[in-house]
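Here the sequence shown is numbered in numbering that gives the first Met the number 0, starting from 0 and rising by one per residue.
Heads up, the beta-carbon is just placed ideally off N, CA and C, and yes, glycines get one too.
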Amino acid sequence: MAIRLNTLQKYAKEVYERPNIQNYLEVNTKKFPYTKVKDWYPILYESGTCGVETAGQIWLNPNGKEEPILEMSSWIMVDRNQAKRVVRHEIAHILQFVCELNTENWHGSGFGEALRIVSPTLHKYSERSDRGWHTNSNIEKERRKYHRLKKTDGSDKLSAKRGGSTE
Ligand SMILES: [Zn+2]
Numbered sequence: 000m001a002i003r004l005n006t007l008q009k010y011a012k013e014v015y016e017r018p019n020i021q022n023y024l025e026v027n028t029k030k031f032p033y034t035k036v037k038d039w040y041p042i043l044y045e046s047g048t049c050g051v052e053t054a055g056q057i058w059l060n061p062n063g064k065e066e067p068i069l070e071m072s073s074w075i076m077v078d079r080n081q082a083k084r085v086v087r088h089e090i091a092h093i094l095q096f097v098c099e100l101n102t103e104n105w106h107g108s109g110f111g112e113a114l115r116i117v118s119p120t121l122h123k124y125s126e127r128s129d130r131g132w133h134t135n136s137n138i139e140k141e142r143r144k145y146h147r148l149k150k151t152d153g154s155d156k157l158s159a160k161r162g163g164s165t166e
């Protein structure tokens, strides 16, 4: 089932305000004071596509002048569970950013630590993991409107894989 942007926006705020995330931020924020980052749930907007493999991408302001912006690919919004997964994944990047958890590698150990806080039961690699999004026929149908060719078709056999990671 599809999800509307304003429903997903409410979900993003609700996730970010969870006590375990807020407690972690309060203790571990380094880049900016907690008084600032506590309200930094991502502001969502929808753009047709962020890229062939990119279901969503977070825009972080290094000067802390504004809250993070989360750009969502329209094609992932046809599946509310996957769209929510992308939101959790990107919120983990916010934690990684403000707590300075190895931001040299956006999907390395620092990201793993952040995702463990945001998604305590879905942080490990698996078919249900928040490490990346997972495709299905509805998503593929919608994604094809924007991208005729993609790695999952085997058009690039060197990196062919199912689904793909969020940015
Ligand atoms: Zn990512």
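For K160, which three-state DSSP category applies?
Stepping through the sequence shown from its first residue, residue 160 is reached at position 161. Bear in mind that a pLDDT of 37 at K160, under 50, signals an unreliable position, so the model cannot answer this.
Within 10 angstroms of its Cβ, does K160 collect 16 or more other Cβ (buried), or is it exposed?
Here residue 160 corresponds to residue number 161 of the sequence shown, with the count starting at 1. Because K160 carries a pLDDT of 37, less than 50, the predicted location of this residue cannot be relied on, and the following value inherits that uncertainty. K160 comes out exposed.
Check whether the Cβ atoms of E66 and I90 lie closer than 9 Å to each other.
Numbered from its first residue, the sequence shown carries residue 66 at position 67. Numbered from its first residue, the sequence shown carries residue 90 at position 91. Their beta carbons are not under 9 Å apart, which means E66 does not touch I90 by this criterion.
Excluding five sequence neighbours on each side, which residues of the same chain lie with their C-beta closer than 6 Å to the C-beta of V51?
The residue labelled residue 51 in the question sits at position 52 within the sequence shown. Only H146, K149 meet the Cβ criterion.
Can we count F31 as close to ligand 1, meaning its CB is less than 8 Å from some heavy atom?
Residue 31 sits at position 32 when you count from the first residue of the sequence shown. Incorrect: F31 has no Cβ contact closer than 8 Å to ligand 1.
Would you list the one or two residues that DSSP bridges to L69?
Taking the sequence shown and counting its residues from 1, one reaches residue 69 at position 70. The partner list for L69 (beta bridge, DSSP) reads L43, I57.
Whose C-beta lies closer than 7 Å to the C-beta of N19 among residues of the same chain, with five residues either side of it excluded?
Within the sequence shown, numbered from 1, the residue matching residue 19 stands at position 20. Closer than 7 Å at Cβ, skipping near neighbours: I116.
Compute the distance between the beta-carbons of R130 and H92, then report whether it is under 9 Å.
As a first step, residue 130 is located in the sequence shown; it is residue number 131 there, counting from the start. As a first step, residue 92 is located in the sequence shown; it is residue number 93 there, counting from the start. Contact: no.
Consider the C-beta atom of H92 and the heavy atoms of ligand 3; say whether any pair is separated by less than 8 Å.
Of the ligands this structure carries, namely ligand 1, none is ligand 3.
Along the alpha helix (DSSP H) that carries Y145, what are the first and last residues, could you check?
Within the sequence shown, the letter at position 146 stands for residue 145. Here the alpha helix (DSSP H) through Y145 covers 136-145.
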